[in-house]
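Contents: one structure, followed by commentary.
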Amino acid sequence: MADLERTGRSQPMRHSERGSFDRETINAILDAALLCHVGYVFDGAPLVTPTLFWRDGERVFWHGSAASRALRTQAECKVCLTVSLLDGIVLSRSAFNHSVNYRSVMLFGTARSVDDSGEKLMALEKLMERIARGRWGEVRQPTESELKATSVLWMDIREGAAKIRAIPVGDEPADRDQPVWAGVVPIMTSLGEPEPAAGLASDIEMPGYLSKIRLS
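Here the sequence shown stands for residues 1 to 216, numbered as in UniProt numbering.
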């Protein structure tokens with residue numbers, strides 16, 4: 001797989017050694033996340049919206065209400081999409097050297113709208129299968145009116161970069177004798193106990209795929 005395009009805006013400026021244009025690295029981070037933030041210009045001012053997203057090949061997709069004027073504005077608009085995963089809190093012996101370990105991706109491109117109802121249906125199936133593999137075949141499929149009420153946007157994974165910090169405490173030699181605890185506190189996202197919907201029939205068992213949802 002070819003690396004992502006290296007440009008002036010995609011090149012990490014600070015700690016450039018943490019940056020990566022490797023597509024496999026970028027895809028792995030995208031596939032580990034459910035939430036992204038999409039930034040664009042709306043009514044002459046910057047706006048950033050959080051939304052569920054998913055990757056399909058060399059594209060990222062996100063969706064929302066077709067009634068949203070802000071979402072409609074994104075179509076054919078230049079956008080910046082970011083994903084961040086927090087992996088640890090780094091507690092150093094000096095205030096200055098405190099940090100966090102993380103994995104992040106920033107992508108640049110033009111948002112495109114999925115207008116064909118068949119293509120939109122396939123895209124939404126991939127979203128549900130990303131969240132809970134196997135659920136799409138169990139639930140009622142979207143009606144035509146529900147599809148019309150849903151906007152699906154996408155952009156190519158072409159320009160952008162990953163940036164990763166996965167290192168221990170970086171204290172200055174002069175601070176290493178400070179009598180204070182230092183180290184890394186790992187951060188892990190986990191699933192809680194599923195809560196059945198009100199009125200759920202008692203003979204309906206919890207699906208096994210819930211335990212296989214990927215969060216990081």
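Just so you know, even glycine gets a beta-carbon here, dropped at the ideal spot from N, CA and C. Predicted model only: the values in this text are computed from it and were never measured.
Which residues does DSSP list as the beta-bridge partners of residue i?
{"i": "Phe42", "result": "Ala45"}
{"i": "Ser20", "result": "Ala162"}
{"i": "His37", "result": "Pro50, Thr82"}
{"i": "Val60", "result": "Arg55, Met155"}
{"i": "Leu107", "result": "Leu81, Gly160"}
{"i": "Tyr102", "result": "Leu86, Arg165"}
{"i": "Arg14", "result": "Note: Arg14 sits in no beta bridge, so no partner."}
Beta carbon of residue i, beta carbon of residue j: below 7 angstroms?
{"i": "Arg55", "j": "Asp87", "result": "no"}
{"i": "Leu81", "j": "Leu52", "result": "no"}
{"i": "Pro194", "j": "Leu215", "result": "no"}
{"i": "Lys163", "j": "Arg18", "result": "yes"}
{"i": "Asp171", "j": "Asn101", "result": "no"}
{"i": "Gly160", "j": "Leu47", "result": "no"}
{"i": "Phe61", "j": "Ala123", "result": "yes"}
{"i": "Ile89", "j": "Val185", "result": "yes"}
In this structure, does DSSP put residue i in helix, strand or coil?
{"i": "Leu121", "result": "helix"}
{"i": "Ile89", "result": "strand"}
{"i": "Asn97", "result": "coil"}
{"i": "Met1", "result": "coil"}
{"i": "Arg72", "result": "helix"}
{"i": "Arg9", "result": "coil"}
{"i": "Glu202", "result": "Before going on, a small fix: residue 202 reads as Ser here, not Glu. Of the three classes helix, strand and coil, the one that applies to Ser202 here is coil, per DSSP."}
{"i": "residue 272", "result": "Since the first residue shown for the chain is 1 and the last is 216, residue 272 is missing from the structure and cannot be characterised."}
{"i": "Arg135", "result": "coil"}
Practice item. Give, in chain order, every unbroken run of the beta strand (DSSP E) that is at least 3 residues long and sits entirely within the region 139-179. Key: Within the region 139-179, the complete beta strand (DSSP E) segments of 3 residues or longer fall at 150-156, 159-165, listed in chain order.
**Study point:** Three-pair Cβ contact test at 8 angstroms for the region 66-78 versus the region 35-46
**Key:** yes
Practice item. For the region 90-99 and the region 111-122, state whether three or more C-beta atom pairs, one from each stretch, are separated by less than 8 angstroms. Key: no
Check your understanding: At a cut of 8 angstroms, does the region 98-112 reach the region 122-131 through at least three beta carbon pairs?
Key -> No, because fewer than three Cβ pairs between the region 98-112 and the region 122-131 fall closer than 8 angstroms, the two stretches do not touch.
Review point. Hey, is the region 187-206 in contact with the region 136-155, meaning 3+ C-beta pairs nearer than 8 angstroms?
Key: no
Point to revise | Given 8 angstroms, three or more beta-carbon pairs between the region 147-158 and the region 59-66 | key: yes
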